[in-house]
Amino acid sequence: MAWTILLASAVLEAVWATALGESHGFTRPAPTLVFLVALALSMAGLGRATREIPLGTAYAVWTGTGAALTVGVAMVTGGEEVSPLKILFLLGIIGAVIGLKLAPSPSPSAESEAG
Numbered sequence: 001m002a003w004t005i006l007l008a009s010a011v012l013e014a015v016w017a018t019a020l021g022e023s024h025g026f027t028r029p030a031p032t033l034v035f036l037v038a039l040a041l042s043m044a045g046l047g048r049a050t051r052e053i054p055l056g057t058a059y060a061v062w063t064g065t066g067a068a069l070t071v072g073v074a075m076v077t078g079g080e081e082v083s084p085l086k087i088l089f090l091l092g093i094i095g096a097v098i099g100l101k102l103a104p105s106p107s108p109s110a111e112s113e114a115g
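Residues in the sequence shown are numbered from 1 upward in steps of one, following full-length UniProt numbering.
Quick look at the structure:
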């Protein structure tokens, strides 16, 4: 469940980042409202996910996924130029996020013994 919440929070990160750009420095009310709501929900989800996922891993997945989605949306909507290198590097980010999910984590008992 924590990974689902984390990925939903990453999607919300892309929403608030896109809305931030559309708000034109918080001068447009609707995108500013979307930014504020998505930001709050995204942060709340990240915080909730860190109850079960180590902070470093959760933050890397959250920022990486959110960044890749933000650039992807900008490419699809014409706000960002599409290039083979950008696509390659975005795939690299996605691959790293998948790798973090698949990498073994220490058991909870091993973490309490270390701390």
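Positions of the beta carbon are idealized from the N, C-alpha and C atoms, including for glycine.
With contact defined as three or more Cβ pairs closer than 8 Å, the region 46–65 and the region 27–36 are not in contact. Beyond the five residues adjoining it in sequence on each side, Val73 comes within less than 7 Å, by CB distance, of Ala14 and Thr18 in the same chain, given in chain order.
Taking all protein chains shown into account, Val97 has 16 or more neighbouring C-beta atoms within 10 Å of its C-beta and is therefore buried. Taking the Cα positions, Ser23 is about 31 Å away from Gly95.
Under a 10 Å Cβ-count criterion, Ala49 is classified as buried, with 16 or more other Cβ atoms of the shown protein chains found around its own Cβ.
For Glu80, the CB contacts under 7 Å within the same chain, skipping 5 residues up- and downstream, are Val71 and Ala74 in chain order.
Residue Thr65 holds the alpha-carbon nearest to the alpha-carbon of Leu90 among Lys101, Ala103, Thr65 and Leu100. Taking a 10 Å sphere around the C-beta of Gly45, we find 16 or more other C-beta atoms and assign the residue as buried.
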